[in-house]
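Asker: Quick one: this structure, given as structure tokens, is what I'll be asking you about.
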Amino acid sequence: MINPIKQINKTFESRVRLGIMSILMVNASVDFNALKEILEITDGNLASHLKALESEEMISVSKQFISRKPNTSYSATDKGRQIFTSHLNALEILIRSNNSKAQ
Amino acid sequence: MENQNKQLQELAEIRNLMEKSSKFLSLSGLSGVVAGSVAIFGALNVWLYTQAGAASYDSFYEGVGESADIPFLRFLVLNAVIVLFLALLSAWYFSKRKAKRMNVSLWNSATRRMLLNLFIPLATGGILCLILLFRLQLNLIVPLMLLFYGLALINAGKYTENSVNFLGLAEIVTGLLAVVFINQSLLFWTLGFGVWHVIYGIVMYYLNKRAW
């Protein structure tokens with residue numbers, strides 16, 4: 000059996016990164032301001048976590064202009080989806096095994 | 000044990016963010032109560048008009064084409080437009096209020112997605128009813144309004160509170176019954192757009208209040 004602890008991804012130890020991935024799993028693409036509003040965090044904080052996820056190739060960034068204003072939107076990559084899913088599965092296994100130990 | 004609490008909390012947070020970012024949750028029960036009450040008053044207005052002896056509802060439905068009662072029809076359309084306007088106004092006002100309290104913006108991608116999915120079936124039904132109205136084929140307009148509204152709610156239900164699906168089902172059943180008892184259309188219209196909205200609004204208002 001694979002060790003579930005190994006599947007618990009270090010990237011998601013941060014509440015913000017976990018949040019960003021959760022949102023991008025259910026939305027095709029989300030812009031910076033919408034992420035900021037849902038997660039209720041500051042620009043700088045959000046930007047640094049987005050950069051971290053981008054450098055791990057878990058999210059992709061697209062920049063465009065909407066009526067002359069720059070707009071940056073983010074989506075989850077296939078790799079990001081895969082990693083997030085195994086993270087969730089690992090969480091589930093851990094919780095289950097804890098439950099059966101408690102009984 | 001502490002570790003497990005942390006993991007459970009993490010899962011709860013993921014679920015919360017997924018829902019918050021993909022669903023329109025600013026719908027307020029109060030707008031259902033107000034819109035439903037407006038609809039009941041509108042229907043009452045029509046009923047009083049017929050009771051005053053100015054028009055008969057039964058013969059109105061049989062009157063197709065040349066024999067249609069045009070002044071009564073004008074009154075009905077004007078009445079319906081005012082009811083629709085007030086209902087939309089209350090939906091907008093109470094949603095805005097709830098969005099403000101929930102600290103989210105009312106006009107976001109979840110709202111747009113919900114409205115798009117609501118309005119595709121709803122506008123189809125609306126245009127169909129207008130075509131029937133201009134052709135003076137009046138007897139199926141009320142059931143079609145109820146049926147298309149119910150289908151629109153169920154279509155939008157995927158992108159908002161799940162409870163909207165129950166309201167949609169109730170509207171569809173009411174619409175089908177309105178076809179069966181076609182001379183009682185006004186009664187079924189009042190039930191569908193008035194009474195169901197008020198009941199749904201009250202239940203939702205108290206459920207949400209308890210959740211907070």
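Read top to bottom, the protein sequences are chains A and B.
Going by numbering that gives the first Met the number 0, the final residue of the first sequence carries number 102, and the count climbs one at a time with no gaps.
Going by numbering that gives the first Met the number 0, the final residue of the second sequence carries number 211, and the count climbs one at a time with no gaps.
Positions of the beta carbon are idealized from the N, C-alpha and C atoms, including for glycine.
Which runs of the beta strand (DSSP E) spanning at least 3 residues fall entirely within the stretch 75-131 of chain B, listed in chain order?
Answerer: As far as the stretch 75-131 of chain B is concerned, it has no whole beta strand (DSSP E) run of at least 3 residues.
Asker: Who does Ile139 of chain A pair with in a DSSP beta bridge?
Answerer: What the structure shows of chain A is the stretch from 0 to 102, and residue 139 of chain A is not part of that stretch, so it cannot be assessed.
Asker: Any C-beta of chain A sitting closer than 7 Å to the C-beta of Leu115 of chain B?
Answerer: Output row for Leu115 of chain B: interface = no.
Asker: Which whole-angstrom value is the C-beta distance of Thr189 of chain B and Ala86 of chain B, which I expect to be below 8 Å?
Answerer: Actually they are not in contact, since the Cβ atoms of Thr189 of chain B and Ala86 of chain B sit about 14 Å apart, beyond 8 Å.
Asker: To the nearest angstrom, how far is the alpha carbon of Val194 of chain B from that of Gln81 of chain A?
Answerer: Cα to Cα, Val194 of chain B sits roughly 48 Å from Gln81 of chain A.
Asker: Can you check whether the CB of Pro120 of chain B is closer than 7 Å to the CB of Ala79 of chain B?
Answerer: No, Cβ-Cβ distance for Ala79 of chain B and Pro120 of chain B is not below 7 Å.
Asker: Just to check my reading of the structure: Gly31 of chain B and Met144 of chain B have Cβ atoms closer than 8 Å, yes? What is that Cβ distance to the nearest angstrom?
Answerer: Not quite, the Cβ-Cβ distance comes to about 17 Å (not below 8 Å), so this is no contact.
Asker: Can you have a look at Gly156 of chain B and say buried or exposed, based on whether 16 or more other CB atoms are within 10 angstroms of its CB?
Answerer: Buried, since its Cβ has 16 or more Cβ neighbours within 10 Å.
Asker: Looking at Asn97 of chain A: is its Cβ nearer than 7 Å to the Cβ of Gln183 of chain B?
Answerer: The answer is no: Cβ separation not under 7 Å.
Asker: With a threshold of 8 Å on Cβ separation, who are the neighbours of Lys22 of chain B within its own chain once the five nearest residues in sequence on each side are excluded?
Answerer: Ala109, Met113, Tyr158, Thr159 and Glu160, listed in sequence order.
Asker: Rounded to the nearest angstrom, what separates Phe64 of chain A and Leu105 of chain B at their Cα positions?
Answerer: If I take the Cα positions, the gap works out to 23 Å.
Asker: Please classify Asp30 of chain A: does DSSP put it in a helix, a strand, or coil?
Answerer: In this structure, Asp30 of chain A counts as strand in the three-state DSSP scheme.
Asker: If we define contact as Cβ-Cβ less than 7 Å, is Ile82 of chain A a contact residue for chain B?
Answerer: Not one chain B Cβ lies under 7 Å of Ile82 of chain A.
Asker: Which of the three DSSP states is assigned to Ile58 of chain A in this structure?
Answerer: Three-state result, Ile58 of chain A: strand.
Asker: Give me the chain A residues within the contact set of Leu7 of chain B, using Cβ-Cβ distance strictly less than 8 Å, ordered along the chain.
Answerer: Simply Ile94.
Asker: Out of B:Met17, B:Leu29 and B:Leu132, point me to the one whose CA is closest to Asn207 of chain B's CA.
Answerer: For Asn207 of chain B, the nearest C-alpha among the options comes from B:Leu29.
Asker: When DSSP labels each residue in this structure, what does Ser74 of chain A get in the three-state scheme?
Answerer: It is a strand residue.
Asker: In three-state terms, what does DSSP make of Phe180 of chain B?
Answerer: Phe180 of chain B falls in the coil class under three-state DSSP.
Asker: So, for Lys35 of chain A: in the same chain, excluding its five sequence neighbours on each side, which residues have a beta-carbon less than 6 Å away from its beta-carbon?
Answerer: Within the same chain, Lys35 of chain A has close Cβ partners Leu45.
Asker: Counting only Cβ pairs nearer than 7 Å, list the residues of chain B close to Leu90 of chain A.
Answerer: Neighbours of Leu90 of chain A on chain B, chain order: Gln6, Glu9 and Leu10.
Asker: Val141 of chain B and Ala177 of chain B - do their beta-carbons sit closer together than 7 Å?
Answerer: Yes.
Asker: Can you list the residues of chain B that Met24 of chain A reaches, using a CB-CB cut of under 7 Å?
Answerer: Result: Met17.
Asker: When DSSP labels each residue in this structure, what does Arg95 of chain A get in the three-state scheme?
Answerer: Arg95 of chain A falls in the helix class under three-state DSSP.
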